[in-house]
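Trainee:
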Amino acid sequence: MSATTTRKTPNDSRNVQNPPPVARKRNSLAKGHLPRWAVPGIAAAALILGAAASTLGGFSVATLAIYTAIIFVIASTVITTLVEGPRHGKNTLATNLVYAAFLLALIPLASVLFTVLQKGMPGINTHFLFHSMNGITGAVDNASVENGAPVLGGAYHAVIGTLLITLWSTVISVPVGMLTAIYLVEYGKNGPLARAITFFVDVMTGIPSIVAGLFATALFAVLLGPTARMGIVAAVALSVLMIPTVVRSTEEMLKIVPNELREAAYALGVRKWRTIAKVVIPTAISGIASGVTLAIARVIGETAPILVTAGLANNINVNVFGNWMATLPTFIYYQILTPTSPTNVDPSIQRAWAAALLLIVMVMVLNLGARLVAGLFAPKKGR
Amino acid sequence: MSKRIDVKDLNVYYSKFLAVEDVNIEIEAKSVTAFIGPSGCGKSTFLRTLNRMHEVIPGGRVEGEVLLDGDNLYEPGVDPVTVRSQIGMVFQRPNPFPTMSIKDNVLAGVKLNGKKISRSDADSLVEKSLRGANLWNEVKDRLDKPGSGLSGGQQQRLCIARTIAVKPQVILMDEPCSALDPISTLAIEDLINELKSEFTVVIVTHNMQQAARVSDKTAFFNIAGTGKPGKLIEYADTATIFSNPSVKATEDYVSGRFG
Ligand SMILES: Nc1ncnc2c1ncn2[C@@H]1O[C@H](COP(=O)(O)OP(=O)(O)OP(=O)(O)O)[C@@H](O)[C@H]1O
Ligand SMILES: [Mg+2]
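Printed below as a string of structure tokens:
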């Protein structure tokens, strides 16, 4: 099929594209250019041909898109090569491939967002947002399905758990990570200790999250006995995952602070630690803030380490130092894996999707917050 | 409010590389001294040893003595921070702190050190320093705007204001005009002439006319070849260096025959 198209399109499109010679009386420097309407023209032609090609083998939107894309890339490359020369032809090819890769990368993202919105929206209501699963049993779900009543039970406890555990892991990892990065960049001078730390931070980056969870469990088992499961254990597990990210991003940000600024401060008789605290970090803070946010976004969706450290709760628990706790990921996991009512799984699935939507919204809000923080702290420009 | 500098048998190293060898020089208080010489001969390196900025570079170290009114800067137990608060430095590229307003840039030496300063004292210090750097009239209406929003020449004068705000004894300047247009350059040269009444000024420059215009004494540095250490070749009154130097190399350099 593609053989047909490659043979056909160039001739076909060239007839369409080449403007009549009268229009050619132009700037000699601008000679041999495709007119502006060439791209939409080729795209339209490719769409028609793509539609034709896709109907041959059973029409679907996917095949239509694929055929159209292939035809468009080949046709525009060939036409540009013929009209504008081989260099422009290669340029067109590269441009189109880059766009194609971009669109490809966008498909899963858009699809995830769409699915989560579609399936999660029905479950989002004030009841869901502000109630826990306390007292919601299989019988309750069965009753609401039979009566066609709204689904009861919500993710309030999981939202609280997610916020608290993430907050505590941030509180642990940001100072540790930032101070490590400051040591590496400002004091370590690439000595043996600094190189060792860098090596271990790299190793830490690759730790599977379940191992971090087991580490925290084991640590607290030694300290408090084998059944110690609570929010703070999960926070420790998550900080094991967060610290390397925070170290890495802070390190990169500190490295790009120009040395001139440090020297300028030293030359004013400012001590090194003050220079770091008041010149270097403020200059880099916006980058550090977004690095920290990315680190949070990375751990907020962790499930396995939470299960082995904080257990699972159905009720609201605001104390990270005692009792089990739920987070949104573990909530989703359990709603899907062991639905509250084994005979009527729909309420549980609806709650799981709604919780997934909540989680995505939380990460997005975090990212927006990071941008805001970055903007607030960024070095002032302009007059 | 200004002190003299005497340098005795100073060798300057980058790790093992001897960059400047055996410099002896006496710099009078309340004078302007110019360092000239071909690129790479160690002017900047030597200048940075005068306020212990050289050791900020990894591997940077010195042998010999630098005396500030008789006190050796390199004696064990001397805190480089104290040295730098007495001997200020202006860099080749203007480097105002990007996170700070013009006013805070001027007050940087005070504020970064965590010293408390009353609002009225701060305001008068800002005005005095900016007037001292010939910048007050241009920025008095936008003291709270960021320092990076100024032109290059204004930024450099802001850096000078920042330096004089900490009331040093000596001001070192490493090619302060090399990034500036002729008008800003003139403004800074005028400023150097005024600074002389209060401070000891040492300036590195590639511009012979500038050295001749602003300095009382001139030191000519030279280098025998790549990888060889730079040396102080001749140090005398500026008029002598430019009209009647005693060393052939100096004459060749100032008359533009090499370098
Ligand atoms: N950070 C450094 N590490 C190692 N060697 C250096 C360093 N900075 C400068 N050097 C070397 O020291 C010598 C003197 O350099 P310096 O910058 O002092 O020259 P300069 O006279 O200021 O030159 P210019 O007029 O171009 O500024 C040169 O050989 C240079 O390569
Ligand atoms: Mg230099």
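Note that the protein sequences, when read in sequence, are chains A and B.
If you number the first sequence the way our numbering does, the last residue is 383 and the count never jumps.
If you number the second sequence the way our numbering does, the last residue is 259 and the count never jumps.
The beta carbon of each residue, even a glycine, is placed where N, CA and C say it ideally should be.
Is Pro305/A buried or exposed, if buried means 16 or more other CB atoms sit within 10 Å of its CB?
Mentor: buried
Trainee: Can you list the residues of chain A that Ser85/B reaches, using a CB-CB cut of under 9 Å?
Mentor: Leu268, Gly269, Val270
Trainee: By alpha-carbon positions, which one of Ile197/A, Thr81/A, Leu241/A ends up nearest to Ala216/A?
Mentor: Leu241/A
Trainee: Any heavy atom of ligand 2 within a distance shorter than 8 Å of the CB on Glu260/A?
Mentor: no
Trainee: Counting only beta-carbon separations shorter than 9 Å, does Met56/B have a partner in chain A?
Mentor: Met is not the amino acid found at residue 56/B; the sequence shown has Val there. Yes, contact with chain A.
Trainee: When you compare only the Cα positions, how much space is there between His384/A and Arg351/A?
Mentor: What the structure shows of chain A is the stretch from 1 to 383, and residue 384/A is not part of that stretch, so it cannot be assessed.
Trainee: Specify the secondary structure class of Ser24/B as computed by DSSP and reduced to three states.
Mentor: Note that residue 24/B is Asn in the sequence shown here, rather than Ser. In this structure, Asn24/B counts as strand in the three-state DSSP scheme.
Trainee: Apart from the five residues just before and just after His33/A, which ones in its own chain have a Cβ nearer than 7 Å to its Cβ?
Mentor: Glu84, listed in sequence order.
Trainee: Under 5 Å, CB to any heavy atom of ligand 1. Which residues pass, going along the chain?
Mentor: Tyr14/B, Ala19/B, Ser39/B, Gly40/B, Cys41/B, Gly42/B, Lys43/B, Ser44/B, Thr45/B, Ile57/B
Trainee: With a CB to CB cut of under 8 Å and the five nearest residues on each side skipped, what residues in its chain are close to Ser60/A?
Mentor: Closer than 8 Å at the Cβ level, and outside the excluded window around Ser60/A, lie Ser54.
Trainee: Reducing DSSP to helix, strand and coil, say where Phe221/B ends up.
Mentor: strand
Trainee: Nearest chain B C-beta to Thr198/A closer than 9 Å, yes or no?
Mentor: no
Trainee: Under 6 Å Cβ to Cβ from His88/A, same chain only, skipping five residues before and after it: list those, please.
Mentor: Thr80
Trainee: For Pro192/A, return the contacting residues in chain B, with the cut-off set at a CB-CB distance below 7 Å.
Mentor: Those do not exist, as Pro192/A stays about 15 Å from chain B at its closest Cβ, beyond 7 Å.
Trainee: When the Cα atoms are used, what is the spatial distance from Ala165/B to Met89/B?
Mentor: 12 Å
Trainee: Going by CA-CA distance only, name the one from Thr63/A, Pro40/A, Gly41/A that's closest to Ala51/A.
Mentor: Thr63/A
Trainee: Across the stretch 34–45 of chain B and the stretch 217–232 of chain B, are there enough close Cβ pairs to call them in contact, namely three or more that are closer than 8 Å?
Mentor: Taking a cut-off of 8 Å for Cβ pairs, the stretch 34–45 of chain B and the stretch 217–232 of chain B touch, as three or more such pairs fall below it.
Trainee: Span of the beta strand (DSSP E) holding Ser236/B?
Mentor: Inspection of the sequence shows that residue 236/B is occupied by Ala rather than by Ser. It spans 230–237 - the beta strand (DSSP E) in which Ala236/B sits, taken as one unbroken run.
Trainee: For Ser255/B, which residues from the same chain have a beta carbon less than 6 Å from its beta carbon, with the 5 sequence-adjacent residues on both sides left out?
Mentor: none
Trainee: Nearest chain A C-beta to Arg257/B closer than 9 Å, yes or no?
Mentor: no
Trainee: Pick out whichever of Ile74/A, Asn147/A, Ser173/A, Gly123/A has its Cα sitting closest to the Cα of Trp353/A.
Mentor: It is Gly123/A.
Trainee: In chain B, which residues lie with their C-beta within 9 Å of the C-beta of Arg195/A?
Mentor: Going along chain B, no residue has its Cβ under 9 Å from Arg195/A, so there is no contact; the nearest lies around 15 Å.
Trainee: Determine the direct distance from the alpha carbon of Leu104/A to that of Thr6/A, and round the result to whole angstroms.
Mentor: Any reading at Thr6/A must be qualified, since the residue scores a pLDDT of 43, below 50, and its modelled position is unreliable; the value itself is stated next. When rounded, the distance between both Cα atoms is 23 Å.
Trainee: Express the C-alpha separation of Met325/A and Gly153/A in angstroms, rounding to a whole number.
Mentor: 16 Å
Trainee: Starting from Gly59/B, trace the alpha helix (DSSP H) in both directions and tell me its first and last residue.
Mentor: Element bounds for Gly59/B: n/a, residue is neither H nor E.
Trainee: Whose CA, out of Pro208/A, Val176/A, Met133/A, lies closest to the CA of Ile316/A?
Mentor: Met133/A
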